[in-house]
Amino acid sequence: MVFNGTRNLSPCPIYNENHRIDKKLIDFSATGKFRVEYLEKIISKKVVNSHEVARFDDKAKRIITKLFEVYYKNPKLLPDGTLIRIYKEIKKVSDNVIDFRNGDPKLISREMDSICFAELFDKQGNENKELSEFLVKRKILVRNITDYLAGMTDNFATNEYNRLFESK
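Per full-length UniProt numbering, the very first residue in the sequence shown carries number 1; after that it's consecutive.
In C-alpha coordinates, the structure reads:
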(Lines of atoms letter the chains of each structure in order from A and count residues from 1; the text may use other names and numbers.)
(Lines give C-alpha, C1' and ligand atoms only; values in the text may rest on other atoms or scores of the structure.)
Protein backbone atom coordinates (compact mmCIF):
# COMPACT_ATOMS: atom_id res chain seq x y z
CA MET A 1 0.00 0.00 0.00
CA VAL A 2 2.86 2.40 0.80
CA PHE A 3 4.48 1.78 -2.58
CA ASN A 4 1.15 2.20 -4.41
CA GLY A 5 0.36 5.40 -2.52
CA THR A 6 3.78 6.92 -3.24
CA ARG A 7 3.51 5.98 -6.91
CA ASN A 8 0.01 7.50 -7.22
CA LEU A 9 0.84 10.67 -5.27
CA SER A 10 3.96 11.56 -7.25
CA PRO A 11 2.24 12.69 -10.49
CA CYS A 12 -0.74 14.21 -8.65
CA PRO A 13 -1.04 17.97 -9.12
CA ILE A 14 -1.19 19.90 -5.87
CA TYR A 15 -3.67 22.38 -7.31
CA ASN A 16 -6.32 21.88 -9.92
CA GLU A 17 -9.02 24.31 -10.95
CA ASN A 18 -11.91 22.18 -9.66
CA HIS A 19 -10.23 21.43 -6.33
CA ARG A 20 -10.91 17.74 -6.73
CA ILE A 21 -9.01 14.64 -7.59
CA ASP A 22 -10.83 12.12 -9.75
CA LYS A 23 -8.65 9.06 -9.15
CA LYS A 24 -7.76 6.98 -6.13
CA LEU A 25 -4.50 8.10 -4.60
CA ILE A 26 -4.24 5.49 -1.90
CA ASP A 27 -5.30 1.94 -2.71
CA PHE A 28 -4.28 -1.64 -2.16
CA SER A 29 -2.04 -3.45 -4.60
CA ALA A 30 -3.59 -6.35 -6.52
CA THR A 31 -2.26 -8.75 -3.87
CA GLY A 32 -3.57 -6.51 -1.09
CA LYS A 33 -7.03 -6.33 -2.71
CA PHE A 34 -7.09 -10.12 -3.02
CA ARG A 35 -6.22 -10.51 0.68
CA VAL A 36 -8.85 -7.98 1.79
CA GLU A 37 -11.55 -9.67 -0.31
CA TYR A 38 -10.51 -13.07 1.08
CA LEU A 39 -10.69 -11.78 4.67
CA GLU A 40 -14.10 -10.20 4.01
CA LYS A 41 -15.42 -13.56 2.75
CA ILE A 42 -14.10 -15.33 5.85
CA ILE A 43 -15.62 -12.69 8.12
CA SER A 44 -18.93 -12.94 6.28
CA LYS A 45 -19.03 -16.73 6.55
CA LYS A 46 -17.70 -17.12 10.08
CA VAL A 47 -18.92 -14.01 11.85
CA VAL A 48 -21.86 -12.40 10.08
CA ASN A 49 -23.56 -15.74 9.44
CA SER A 50 -22.77 -17.09 12.91
CA HIS A 51 -25.39 -18.38 15.32
CA GLU A 52 -24.53 -15.72 17.91
CA VAL A 53 -24.81 -12.81 15.48
CA ALA A 54 -28.09 -14.15 14.05
CA ARG A 55 -29.54 -14.40 17.57
CA PHE A 56 -28.33 -10.91 18.47
CA ASP A 57 -29.77 -9.45 15.24
CA ASP A 58 -33.11 -11.18 15.79
CA LYS A 59 -33.32 -9.95 19.38
CA ALA A 60 -32.45 -6.39 18.29
CA LYS A 61 -35.14 -6.50 15.59
CA ARG A 62 -37.75 -7.63 18.13
CA ILE A 63 -36.72 -4.94 20.62
CA ILE A 64 -36.91 -2.14 18.03
CA THR A 65 -40.24 -3.43 16.68
CA LYS A 66 -41.77 -3.57 20.16
CA LEU A 67 -40.42 -0.15 21.10
CA PHE A 68 -41.89 1.33 17.92
CA GLU A 69 -45.26 -0.29 18.64
CA VAL A 70 -45.43 0.96 22.22
CA TYR A 71 -44.37 4.51 21.29
CA TYR A 72 -46.88 4.56 18.43
CA LYS A 73 -49.73 3.32 20.60
CA ASN A 74 -48.84 5.70 23.42
CA PRO A 75 -46.69 8.65 22.26
CA LYS A 76 -46.73 10.05 25.81
CA LEU A 77 -44.02 7.46 26.57
CA LEU A 78 -41.63 9.37 24.30
CA PRO A 79 -39.20 11.78 25.97
CA ASP A 80 -40.09 15.46 26.24
CA GLY A 81 -37.60 16.48 23.56
CA THR A 82 -39.24 14.21 20.99
CA LEU A 83 -42.74 15.37 21.95
CA ILE A 84 -41.66 19.00 21.63
CA ARG A 85 -40.23 18.28 18.18
CA ILE A 86 -43.50 16.59 17.15
CA TYR A 87 -45.48 19.58 18.45
CA LYS A 88 -43.29 22.06 16.53
CA GLU A 89 -43.46 20.06 13.30
CA ILE A 90 -47.24 19.68 13.48
CA LYS A 91 -47.56 23.40 14.24
CA LYS A 92 -45.76 24.15 10.95
CA VAL A 93 -48.46 22.35 8.94
CA SER A 94 -51.59 22.78 11.06
CA ASP A 95 -53.24 25.29 13.33
CA ASN A 96 -54.94 22.36 15.07
CA VAL A 97 -52.10 21.23 17.34
CA ILE A 98 -52.16 19.92 20.89
CA ASP A 99 -49.28 19.87 23.34
CA PHE A 100 -48.97 16.18 24.25
CA ARG A 101 -47.24 16.90 27.53
CA ASN A 102 -49.10 19.93 28.89
CA GLY A 103 -52.46 19.89 27.12
CA ASP A 104 -55.89 18.85 28.35
CA PRO A 105 -55.78 15.05 28.95
CA LYS A 106 -59.10 14.42 27.16
CA LEU A 107 -58.03 16.44 24.11
CA ILE A 108 -54.65 14.70 24.08
CA SER A 109 -56.32 11.28 24.20
CA ARG A 110 -58.74 12.15 21.38
CA GLU A 111 -55.97 13.65 19.23
CA MET A 112 -53.68 10.65 19.75
CA ASP A 113 -56.48 8.25 18.87
CA SER A 114 -57.18 10.20 15.68
CA ILE A 115 -53.51 10.39 14.70
CA CYS A 116 -52.68 6.78 15.50
CA PHE A 117 -55.85 4.83 14.85
CA ALA A 118 -58.27 6.72 12.57
CA GLU A 119 -59.07 4.96 9.30
CA LEU A 120 -57.45 7.40 6.91
CA PHE A 121 -58.18 5.39 3.77
CA ASP A 122 -61.30 3.69 2.45
CA LYS A 123 -61.42 0.05 1.29
CA GLN A 124 -60.21 1.05 -2.18
CA GLY A 125 -57.17 2.79 -0.71
CA ASN A 126 -58.44 6.30 -1.35
CA GLU A 127 -57.55 8.96 1.19
CA ASN A 128 -60.38 10.24 3.39
CA LYS A 129 -60.09 13.98 2.69
CA GLU A 130 -61.76 14.91 5.99
CA LEU A 131 -58.98 13.12 7.87
CA SER A 132 -56.03 14.08 5.64
CA GLU A 133 -54.71 16.37 8.39
CA PHE A 134 -54.28 13.30 10.60
CA LEU A 135 -52.33 11.52 7.86
CA VAL A 136 -49.81 14.37 7.89
CA LYS A 137 -49.69 14.26 11.69
CA ARG A 138 -49.27 10.48 11.60
CA LYS A 139 -46.31 10.81 9.24
CA ILE A 140 -44.72 13.36 11.59
CA LEU A 141 -45.26 11.05 14.56
CA VAL A 142 -43.84 8.00 12.77
CA ARG A 143 -40.81 9.92 11.51
CA ASN A 144 -40.04 11.23 14.99
CA ILE A 145 -40.42 7.80 16.57
CA THR A 146 -38.07 6.28 13.98
CA ASP A 147 -35.58 9.14 14.46
CA TYR A 148 -35.67 8.56 18.21
CA LEU A 149 -35.13 4.82 17.76
CA ALA A 150 -32.34 5.38 15.24
CA GLY A 151 -30.48 7.48 17.79
CA MET A 152 -30.52 4.75 20.42
CA THR A 153 -27.46 2.69 21.23
CA ASP A 154 -27.93 -1.06 21.60
CA ASN A 155 -27.64 -0.82 25.38
CA PHE A 156 -30.06 2.10 25.66
CA ALA A 157 -32.64 0.30 23.49
CA THR A 158 -32.32 -2.85 25.59
CA ASN A 159 -32.65 -0.89 28.84
CA GLU A 160 -35.64 1.05 27.50
CA TYR A 161 -37.27 -2.21 26.42
CA ASN A 162 -36.70 -3.66 29.88
CA ARG A 163 -38.12 -0.54 31.57
CA LEU A 164 -41.27 -0.70 29.43
CA PHE A 165 -41.91 -4.45 29.25
CA GLU A 166 -40.22 -6.24 32.12
CA SER A 167 -42.27 -6.69 35.26
CA LYS A 168 -40.47 -5.82 38.45
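The beta carbon of each residue, even a glycine, is placed where N, CA and C say it ideally should be.
Residue i: first and last residue of the uninterrupted alpha helix (DSSP H) it sits in
i	result
residue 174	What the structure shows of the chain is the stretch from 1 to 168, and residue 174 is not part of that stretch, so it cannot be assessed.
Gly125	Counting along the chain, Gly125 falls outside any alpha helix (DSSP H), and DSSP gives it neither H nor E.
Phe156	Asp154 to Phe165
Ser44	Taken as a continuous stretch (DSSP letters only), Ser44 belongs to no alpha helix (DSSP H), as it is neither H nor E.
Phe68	His51 to Lys73
Pro105	Pro105 to Phe117
Asp80	Asp80 to Val93
Where residue i falls: helix, strand or coil (DSSP)
i	result
Phe100	coil
Phe28	coil
Beta-carbon spacing of residue i, residue j below 8 angstroms
i	j	result
Ile86	Asn144	yes
Ile108	Leu141	no
Leu67	Leu149	yes
Met112	Pro79	no
Val36	Leu164	no
residue 210	Lys91	Because residue 210 is not part of the residues shown, which for the chain are 1 to 168, the question remains open.
For residue j and residue i, believed in contact at Cβ under 8 angstroms, the rounded distance
i	j	result
Val93	Val136	6 angstroms
Ala118	Phe134	5 angstroms
Ala60	Asp154	7 angstroms
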